[in-house]
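> Residue numbers (our numbering), protein chains in the order written: chain A, 1 to 521; chain B, 1001 to 1227; chain C, 2001 to 2343.
Ideal Cβ positions, reconstructed from N, Cα and C, are used throughout, including at glycine.
Please read all numbers here as calculations on a predicted model, not as lab measurements.
My questions will all concern the structure given below.
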Amino acid sequence: MWGWRSSRTVAIGLAAAIFVVSCVLPVASFLMASLRDATAAFALDARQWRLLVNTAGLGVGSAVLATAIGSPLGLLLARASLRYRALLRVALAAPLLLPPYVVALAWTYLASSRGLLATVAGYDALAAWTYSLPAAALVLGLVLYPLSMLATEIALRRIDGRLEEAALIVAAPRGVFWRITVPLAGPGIMAAALVIFVLAASEFGVPGVLRVRVYTTEIFTAFAALYDPGRAALLALPLLALCLVVSVVAVTLLGDRFVTARRGADTPGALRVERSQSPLVMIALVLVTALALPIAVLMREALNSQSIVATIGGSGEAIANSLRLATIGASALVGIAMWLGYALARTRGGLGRLADIGLVVLFAVPGTLVGVGLIGVWNRAGPFGALYGTDSMLVLAYLARLLPIAILALAASSRTVPLSHEEAAAVSGAGWLRTMWRIVVPQMRLGLVAAWLIAFVLAFGELGVSILVAPPGETTLPIRIYTTIANAPSSSVAVLALLQASIILGPLAALGAILAHRERS
Amino acid sequence: MTVPAIVVSHVSKRLGAHQALTDVSLAVSPAEAIVILGPSGSGKTTLLRLIAGLEAPDTGTITVHGVCVAEAGRNLIPPHERGLGFVFQDLALWPHLTVAENLGFVLGSARMPRAERASRGQRALDTMQIGTLGSRYPHQLSGGEQQRVALARALVGQPRVLLLDEPFSSLDPELRATLGAELHQVRRELKVTMVYVTHDRDDSVLADAVVEMRGGRITSLSNAGNP
Amino acid sequence: MPYRCRAALTAALAVFTVVALARCRGSDPGPRSVTIYVSTDRVFSEPVLRAYEQQSGVTVNAVYDTEETKSTGLANRLIAEQARPQADVFWSNEPVRTLVLKSRQALAPYRSPNAEGIPTALVDADGYWTGFSARIRVIAYNTTLVTSADAPTSVFDLADPRWRGQVAIADPRFGSTSFHVAALYAAAGDERMDAFFRQLKVNDVKIVDGNSVVRDLVARGEVKVGLTDTDDVNVAIEDGQPIAMVLPDAAGLGVPVMPNMVSLVANAPHVEEGRRLIDYLLSRDVEAQLARSAAVQIPLHAGVPGPRNIPAIETFTPMTLDFTKAAQRVEDVTGRLAGILGL
């Protein structure tokens, strides 16, 4: 339909080139250079296998819990009659704004032997559980469930209501829900679960606080204790292999049977959640557990701070930098990922599945490796070097870290736009760019907004790569927070964590209000 | 006295700001085939959806085989308990299920043993002359084949009433005529009541009665061959 | 999407792009500037560098570090940037990073005139680093649960069964703790130290994220004692928390003293400014400033007033340390402890 010399080739080629330079090249160059220099033959010992099993357990546990919490909430947002839906969506998504490390701290303030629970109960009720793998999975599940929630809501909204109506003719709503609705929404839910798995498996801050031994600490140790990038690169391979296995399983289960589902215009889902107490109880329970409780615990600690003003003071520039750079980063991410996501969605069969798996594995590469790779690629004489030492490096850091997930998200969004719509435009005489701008992109706008929001939140909170490439003399809020808390009382940690969450909540709430207005109109 | 298969009595329905149906009354005899004819926006699809239970009437009542299934403001009997088959305009074939599984879903809801489900489903496919397509997915079929699957799925549960919403609108005239004839033959053999919504007068040739609608009201009711 | 909306969106995107690109900036705008990578805690180091800026008129572009378990640190950044260094000076708060950088040829020798008066054991013989403003590794204890008479006086006391489940240490693979344990292995021998850590494991030692976490656990009473640094404990004391500290092994191996270390980066872009900043950091004024601050760091120049509550370096016996040997043991000790402690 679109020839090789069309604008499609140019646009996608350009986006692909940016992807390769910004995302693939740093990782590839680091791995090649480090593995070349790695001296020892490599094999995991029994202890490392145990750590890898722990990491897999943490990933699976977090993904299962986040999905168990998030999917029902996404169902409610998509199919229940809720007052103040937009406000609820923002509130339910807010836990994603809290740094996982800080939520883990809040958990210890709550559940440790001298924590709030023990003080109120008079004994250490959670003695065996406070510092444990299940606790780490709980913390990560409570922080990451909004990803599952948003993915579920979007997936449910995309279902052609006629498909559910056709099933309602012959089956009770419960049967329709499990046999029709859930399988159709399944790919979106599964994709979110996969992302949560990778995020949890790559995490070492939360396990560190909760004293859970995980494999990612081995990679971290190779850098931070041994300054041995070669060893770090070797150690990263089993982690990448683990994510490869999980993503192969997920992609195989998803298949591409659903991708050709036609989406009826203006046909909302036929299954609705009836108004009752249960959804509201569930929403209240989640808000209390995942948002109100950690914030309350953090505020209690923060009030112990002898100088809240002094703690916050001087953060103005960091806040402005973070907002500016996260906005630029999220926009760049969506702007590039949109074309590549579209290309991925239009790629059928084995090649498309291979690309899906490759992107998941790329996303799983530890941030430190990405950061060191970025330095290797960009810190050189010539045009690349002109960018090094500027805050463009932070935008490049966000691209390197987050482009894979943005492409996957927007590929899912592109798949809902029928190819026939493009064909109709082509037959009508429209070129590819015009078709994209007037036909395809408008139908993706919900996915684009969701992708932008998630990219903004992740970019705002990014630390592992940023700290390696941030230009001297300039800082982002997470960098400022983490460099300040290195020797600060826990009360100051709490103050700064609440500051970070509240700063990011403002723009998201505004965006949520805009979305709500569009929903109503 | 024979109980009518469907009785629609003084039914009105508002969809948003649009009055889709105004005081519509209609009776369909058992095993009768009626065609509801009208231009787009005449309310014919809305009427079909009310009979199916996918919407509730604002006023009036709907009765299926003597049982009141809907009254003003609510459905008394849910769609899956009304004994219906429905062919949607865009077919609504479930994309994640094979052809056999699409039919199997209908039979599974009837709590039928698995072996009987398989044989009944295969018979339905054979009846529609697509017996070899059971293992394919909808997106792997041609337009005509998809139509046949939709019909097979609507009939496999042996409904007492079959509702069709412009089922052949996207087909060429020759295929329309072929499928139309096959449909009526199957209907007569199974003695199924049929309500067929269309905007094409040619589709009314095989009907027992023709109902014309315009602007949400019935404008005429005639027996086939007696306009 | 209505045409008006699309046009507005296109215009907004164009304006945004122009503004965003115009705002992208680098960090070296002025004629005189110096870049320093600082692994010493920001709360202590930033005021020192701001004072230098005001005093000298030189723009100081600083990159600060996180706690050692939060990111892989500036040392790795310096190593990665070796082909084209961005930093002029490296200021570290513990020896391992500096010694690793020296071994990777990432540093350049510079003997500052302000190093005069600093004990020779705390100045690199080859001139690649100079020590100043030291911290001490201490045993912290909760004052509501432990009296000063009962508090342990030696690191080896922590393996005593009476402290079972009541001892916290930072992960010995990272930061100042890694240096401390490497120094202990170098000083006391592998057999004794392996046995000590095995006993600690039997004693259910809590291995936590960092020295500040040790301090917090002790202050909250979740454990009674812990191994941490003077500045960590002092922050809690200033915050009014029930915690105090003991200088360990004053009568045995000696008290472990960890100096800050400052170095010139090899092939630094601003060598002269880098040297001037090093001179400043090694001055008595800076040592006095750090002594007065919550860092409570002990001046190495004789005659500079020390921090309150912390004994002057002349009044106790520091552990005799060969920094290079200790740093060389880090990898081996890290591996041993990973096995012994189940890390």
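1) Under DSSP, the alpha helix (DSSP H) around A1152 (chain B) begins and ends at which residues?
2) May I ask you to list the residues that DSSP assigns as paired with W2091 (chain C)?
3) Helix, strand or coil for D391 (chain A), going by three-state DSSP, please let me know.
4) At a Cβ threshold of 8 Å, is L168 (chain A) touching chain B?
5) My parser needs the alpha helix (DSSP H) runs of 4 or more residues fully inside the segment 11-43 of chain A; what are they?
6) For the pair the segment 2223-2241 of chain C and the segment 2292-2308 of chain C, tell me if three or more CB-CB distances fall below 8 Å.
7) Spatial neighbours of R1148 (chain B) within its chain, please: CB distance less than 6 Å, with the 5 preceding and 5 following residues excluded, ordered by chain position.
8) With a floor of 3 residues, list each beta strand (DSSP E) that falls wholly inside the segment 1148-1212 of chain B, ordered by position along the chain.
9) Between the Cα of L303 (chain A) and the Cα atoms of A:T9, A:N54, A:L75 and A:S491, which residue gives the shortest distance?
10) Could you tell me how far apart the beta carbons of A2134 (chain C) and P2307 (chain C) are, in whole angstroms, since I believe they sit closer than 8 Å?
11) Check the C-beta distance from A364 (chain A) over to S202 (chain A) and give it rounded, since I have them as a contact under 8 Å.
12) Just to confirm, does D356 (chain A) get its C-beta within under 7 Å of one of the non-hydrogen atoms of the ligand GTP?
13) On the DSSP letters alone, give me the boundaries of the beta strand (DSSP E) that T1219 (chain B) sits inside.
14) In whole angstroms, what separates the C-alpha of P95 (chain A) from that of P2172 (chain C)?
15) Check for me: the beta strand (DSSP E) holding M149 (chain A) runs from which residue to which?
16) Are the C-beta atoms of P183 (chain A) and some chain B residue less than 8 Å apart?
17) In three-state terms, what does DSSP make of A2170 (chain C)?
18) Would you tell me roughly how many angstroms separate the C-alpha atoms of V2205 (chain C) and V139 (chain A), rounded to the nearest one?
19) Alpha carbon to alpha carbon, what distance is there between L453 (chain A) and F2179 (chain C)?
20) For A2182 (chain C), is the classification buried or exposed, using 16 other Cβ atoms within 10 angstroms of its Cβ as the cut-off for buried?
21) Please list, in chain order, the chain A residues whose beta carbon lies closer than 8 Å to that of T2098 (chain C).
22) Just the chain A side, please: which residues come within less than 9 Å of L1054 (chain B) by C-beta, in chain order?
23) Which runs of the beta strand (DSSP E) fall wholly inside the segment 2147-2217 of chain C and span at least 3 residues, in chain order?
24) Note down, in chain order, each residue of its chain lying with its Cβ closer than 6 Å to the Cβ of L362 (chain A), except the 5 sequence neighbours on either side.
25) By how many angstroms is the C-alpha of R1049 (chain B) removed from the C-alpha of V170 (chain A)?
26) Taking only the alpha-carbon atoms, compute the straight-line gap between T1022 (chain B) and R1074 (chain B) and give it to the nearest angstrom.
27) Return no unless some Cβ of chain A is closer than 8 Å to the Cβ of D1200 (chain B).
28) Mind the definition here: the segment 340-352 of chain A touches the segment 1004-1013 of chain B only if three or more C-beta pairs lie below 8 Å; say whether that holds.
29) Put P2318 (chain C) into one of helix, strand or coil per three-state DSSP.
30) Taking the continuous alpha helix (DSSP H) assigned at M299 (chain A), which residues delimit it?
31) Please list, in chain order, the residues of the segment 374-387 of chain A that have any C-beta partner in chain C closer than 8 Å.
32) Measuring only between beta-carbons, confirm whether R445 (chain A) sits less than 8 Å from chain B.
33) Using a threshold of 8 Å, state whether the C-beta atoms of M1194 (chain B) and S1042 (chain B) are closer than that.
34) If W432 (chain A) and S7 (chain A) are in contact, beta carbons under 8 Å, what's the gap, nearest whole angstrom?
35) Under 7 Å Cβ-Cβ, which residues of chain A neighbour Y2064 (chain C)?
36) Could you work out which residues of chain C lie near G316 (chain A), taking near to mean beta carbons separated by less than 8 Å?
Put simply:
1) G1143 to V1156
2) C:V2038 and C:V2262
3) coil
4) yes
5) 25-37
6) yes
7) M1128 and I1130
8) 1161-1165 and 1193-1198
9) A:S491
10) About 11 Å; that fails the 8 Å criterion.
11) 6 Å
12) With respect to the ligand GTP, the structure shown offers nothing to examine, as it has no ligands at all.
13) R1217 to N1223
14) 32 Å
15) Per DSSP, M149 (chain A) belongs to no beta strand (DSSP E); it is in the alpha helix (DSSP H), L133 to R157.
16) yes
17) strand
18) 24 Å
19) 43 Å
20) buried
21) Here the premise fails: no neighbours, minimum Cβ distance about 12 Å.
22) E165, L168, I169 and A270
23) 2167-2170 and 2206-2208
24) P404
25) 14 Å
26) 17 Å
27) no
28) no
29) strand
30) L293 to A302
31) I375, G376, N379, R380, A381 and G385
32) no
33) no
34) 5 Å
35) T483
36) None at all; the shortest Cβ gap to chain C is about 15 Å.
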